[in-house]
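Engineer:
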DNA sequence: ACATATAGTAAGCGACTGCATATCATCCAT
DNA sequence: ATGGATGATATGCAGTCGCTTACTATATGT
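Below, the structure written as structure tokens:
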């Protein structure tokens with residue numbers, strides 16, 4: 001069955017490049033573009049990811065946080081240290097289990113997160129303005145849907161056809 | 001102006017996470033999911049990227065190819081060596097400038113590329129089936145549009161409103 | 001109380017990447 | 001013909017990442 005398309009030209013099928021082939025470089029470019037904004041607020045990419053994740057839900061345990069932002073649990077320790085030293089987050093031992101740390105944003109941290117996020121949001125809006133008005137919302141919906149999928153479902157997304 | 005949103009809850013604004021914050025992990029997951037498919041064809045990610053890039057337009061000079069797929073020019077040499085040894089691509093000195101190499105897929109390479117691409121395409125279709133029917137096309141259009149933008153325009157996407 | 005398990009921390013390893021340098025062949029302008 | 005650019009190549013360095021191991025403090029089940 002591969003042969004039918006194999007016989008076609010280079011722009012066979014719908015000419016759509018690989019999803020990952022578009023997504024990965026685009027992600028890289030987005031990250032590169034955001035970096036200066038973050039640097040202006042003294043944030044690294046990981047630090048920003050932490051602030052975003054904490055803002056969305058005050059997190060119990062660092063491992064959970066690490067998992068949530070797709071980082072290694074041992075690698076965010078330094079990041080958390082830095083944020084804590086700057087008074088942007090609080091590490092508070094959970095009274096019910098003194099092994100785990102409750103992580104929460106300080107008002108300061110919330111302010112910085114919002115400032116950085118607004119800076120990035122303004123840039124994103126200009127970027128998204130490049131999309132056709134009709135596509136923009138659907139694009140964002142699609143992106144959110146896919147990025148919310150658990151990893152296993154991406155690896156093996158079940159049967160092919162939702163009643164088309 | 002940051003304060004207006006700073007006062008809101010965690011899901012303030014439109015609750016949209018950062019673009020890069022969605023795109024980068026998603027890209028990683030996509031890549032991870034594609035890897036087994038590629039491995040089954042004996043291809044690395046870079047090798048596959050090369051095959052795709054060559055398929056789309058026979059490329060003059062390796063630097064150009066490297067740039068096209070966002071790789072380091074010195075790092076794809078080994079990849080090209082491997083592909084050439086397996087008879088998947090041809091490195092032919094340009095008769096008009098014998099310093100540069102013309103890079104082209106052999107029929108074999110074309111076959112392998114298509115086989116791998118079809119495998120990936122099948123998986124992608126199942127994944128994209130997770131999106132609402134109305135969103136799917138727009139999502140792909142948006143993704144293609146953005147990923148086709150030159151890096152500079154992503155870094156600085158000009159004024160907010162596109163001369164619609 | 002004792003054994004087992006888990007959270008956070010520290011340190012190191014291997015792989016990959018981007019970046020820089022050096023070499024050689026070839027081209028181009030003078 | 002000569003000098004200065006350029007493409008491909010080889011090599012090495014530094015930074016980052018994911019992963020593993022080990023250690024400490026704490027919790028839980030027996």
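Residue numbers (the UniProt record's numbering), protein chains in the order written: chain L, 1 to 164; chain S, 1 to 164. Built from N, CA and C at the ideal position, the CB exists for glycine as well.
(1) Could you tell me whether the segment 133-150 of chain L touches the segment 123-134 of chain S, where touching means 3 or more Cβ pairs closer than 8 angstroms?
(2) Nearest by alpha-carbon distance to residue 111(L): which of 18(L), 30(L), 54(L) is it?
(3) At 7 angstroms on the CB atoms, spell out the chain S contacts of residue 72(L), in chain order.
(4) I want to see whether chain L comes within less than 7 angstroms of residue 5(S), judged by CB atoms only; does it?
(5) Would you mind sorting residue 132(S) into buried or exposed? The rule is 16 or more other CB atoms within 10 Å of its CB.
(6) Beta-carbon separation of residue 113(S) and residue 51(S) under 7 angstroms?
(7) Using DSSP bridges, identify the partner residues of residue 59(L).
(8) Beta-carbon within less than 7 angstroms of residue 46(L)'s beta-carbon, same chain only, minus the 5 sequence neighbours each way: which residues are those?
(9) Counting only beta-carbon separations shorter than 7 angstroms, does residue 126(S) have a partner in chain L?
(10) Helix, strand or coil: how does DSSP classify residue 94(S) here?
(11) Identify the contact partners of residue 151(L) in chain S, using a Cβ-Cβ distance below 8 angstroms as the criterion.
(12) Pick out whichever of 27(S), 74(S), 61(S) has its Cα sitting closest to the Cα of residue 93(S).
(13) Determine whether the Cβ of residue 147(S) lies closer than 7 angstroms to any Cβ atom of chain L.
(14) If we cut at 7 angstroms on Cβ distances, does residue 75(S) have a partner in chain L?
Structural biologist: According to the data block:
(1) yes
(2) 54(L)
(3) Those do not exist, as residue 72(L) stays about 13 angstroms from chain S at its closest Cβ, beyond 7 angstroms.
(4) The predicted model places residue 5(S) with a pLDDT of 40, which falls under 50 and marks its position as unreliable, so this point remains unresolved.
(5) Looking at its Cβ environment, which holds fewer than 16 other Cβ atoms inside 10 Å, residue 132(S) is exposed.
(6) yes
(7) 103(L)
(8) 71, 76, 79
(9) yes
(10) strand
(11) 29, 32
(12) For the residues 27(S), 74(S), 61(S), the minimum Cα distance to residue 93(S) belongs to 61(S).
(13) Yes, residue 147(S) lies at the interface with chain L (some Cβ there is under 7 angstroms from its Cβ).
(14) no
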